[in-house]
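Asker: All letters in the sequence shown, in the order written, are residues 8 to 270 by our numbering.
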Amino acid sequence: KGGKNQEIQIVIVIHFFMNVVAMLHNFWEQKQMSQSNGSSTETLLLYESSPSPGPPYVCYVTLPGGSCFGNFKVCDTQAEARRDAARVALMNSLVNELPCRRITPQFITQSLQQAATDSAVKDASDSGTSIGAYSLLLHSYIGKTMLQFQEMMTVFQLLHWNETLKALRERQCSRQSVISYYSQRGLDEYMRSSMALDWLGREQKSPGQLGEELQVAQRELVLARRRGIELRFYKEKTEILSLALSQAYIHPTPEIFNQAPKN
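#1: Between W35, Y197 and E87, which lies nearest to S74 when the distance is taken from Cα to Cα?
#2: Check whether the segment 135-149 and the segment 208-225 touch, using three or more Cβ-Cβ pairs below 8 Å as the test.
#3: Is DSSP giving G77 helix, strand or coil here?
#4: Can you name the residues that DSSP bridges to Y54?
#5: Any idea what DSSP makes of R178, helix, strand or coil?
#6: When DSSP builds the beta bridges, which residues end up paired with C107?
#7: In the DSSP assignment, the alpha helix (DSSP H) including G139 goes from what residue to what residue?
#8: Based on DSSP bridge pairs, tell me the residues matched to T152.
#9: Just how far apart, CA to CA, sit K80 and V65?
#10: Anyone know if the C-beta pair for A255 and Y241 falls short of 7 Å?
#11: Check each candidate in E243, S184, I186 and N169 and name the one with the smallest Cα separation from G208.
#12: With distances taken between CB atoms, is the gap from L165 to E243 smaller than 7 Å?
#13: Assuming S100 and L70 are in contact, meaning their beta carbons sit under 8 Å apart, how far apart are those beta carbons, in whole angstroms?
#14: Taking A93 and V162 to be in contact with their CB atoms under 8 Å, please state how far apart those CB atoms are, rounded to whole angstroms.
#15: As a quick exercise: from C180, P62 and K151, pick the residue whose alpha carbon is nearest that of L105.
#16: State the start and end residues of the unbroken alpha helix (DSSP H) segment that holds E196.
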């Protein structure tokens, strides 16, 4: 009997590994149906393979909402990389459904205590402080999952990295208004292009900075992928910098930075 159970377990494990791409699709298809969303799951699950002349191969899968995962293992074929990326994404998707992965008042209290000293926790009710802004973000996601919260936080991580938040502070924009605007807007092509343009401008002022930043971002992406964590922040950074660098080669001195008054 014990041997039979072990055989069943082995069959289940083999089935899991061989059909993980289909299982990920079915998981999100069922989740989609339960939410009465009419969109196609096929258009929401996006697989991307990094260009490579040979192994090891790298594949990323982006889930509905924007969360991104990549293959954890060293893969000798593109199909294997795709399956492994789907496996990592499926595990994270399943864990994300657990009750402990929901944003609750208790979780918010614990998070604020971990993020600040005792004195700073008192400032959590003031949206004008950093801890207050973090508290506001957490409270706006009560009842939602950690992945949903991370998807929104990725936008603010990119805004911080790009120094957009710094520029908004200098314009005396309130944290509350910035949070309200960007949490509703999300990440789109216009924002990506705008950030790429910012980095293109920095390259004009300090040649070589863009290439150095891209190398750092690429290393961060590789390390994060090997840890099996959510990758969107690292992947978006890499793609934004790559876009900026491609434009720098095409237009060494873009018109936008080289407009002289006409006589």
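In this text, a Cβ means the ideal position worked out from N, Cα and C, and glycines have one as well.
Answerer: Concretely, from the data shown:
#1: Reading the sequence shown from its first residue, position 67 is the one you call residue 74. Ranking W35, Y197 and E87 by Cα distance to S74 puts W35 first.
#2: no
#3: As a working note, residue 77 is residue 70 in the sequence shown. In this structure, G77 counts as strand in the three-state DSSP scheme.
#4: Here residue 54 refers to the residue found at position 47 when the sequence shown is read from its first residue. DSSP lists V68 as partners of Y54.
#5: By one-based count along the sequence shown, residue 178 stands at place 171. Coil.
#6: The count along the sequence shown starts at 1 and reaches residue 107 at position 100. The partner list for C107 (beta bridge, DSSP) is empty, contrary to what the question assumes.
#7: Locating residue 139 in the sequence shown gives position 132, counting from the first residue. Unbroken alpha helix (DSSP H) run through G139: S137 to H146.
#8: Counted from its first residue, the sequence shown places residue 152 at position 145. In the DSSP output, where bridge partners are listed per residue, T152 has R109.
#9: By 1-based counting over the sequence shown, the position of residue 80 is 73. By 1-based counting over the sequence shown, the position of residue 65 is 58. Cα to Cα, the separation comes out at about 9 Å.
#10: Position 248 of the sequence shown, counted from the start, is the residue given in the question as residue 255. Position 234 of the sequence shown, counted from the start, is the residue given in the question as residue 241. Cβ distance not < 7 Å, so A255 and Y241 don't count as in contact.
#11: Position 201 of the sequence shown, counted from the first residue, corresponds to residue 208. Answer by Cα proximity: N169.
#12: On the sequence shown, position 158 is the one that residue 165 refers to. On the sequence shown, position 236 is the one that residue 243 refers to. Cβ atoms of L165 and E243: closer than 7 Å.
#13: Here residue 100 refers to the residue found at position 93 when the sequence shown is read from its first residue. Here residue 70 refers to the residue found at position 63 when the sequence shown is read from its first residue. Correct: roughly 7 Å between the Cβ atoms.
#14: Walking along the sequence shown from the start, residue 93 turns up at place 86. Walking along the sequence shown from the start, residue 162 turns up at place 155. The pair is not a contact, with the Cβ atoms about 25 Å apart (cut-off 8 Å).
#15: For the purposes of this step, residue 105 is taken as the residue at position 98 of the sequence shown. For the residues C180, P62 and K151, the minimum Cα distance to L105 belongs to K151.
#16: The residue labelled residue 196 in the question sits at position 189 within the sequence shown. E196 to K212 is the extent of the alpha helix (DSSP H) around E196.
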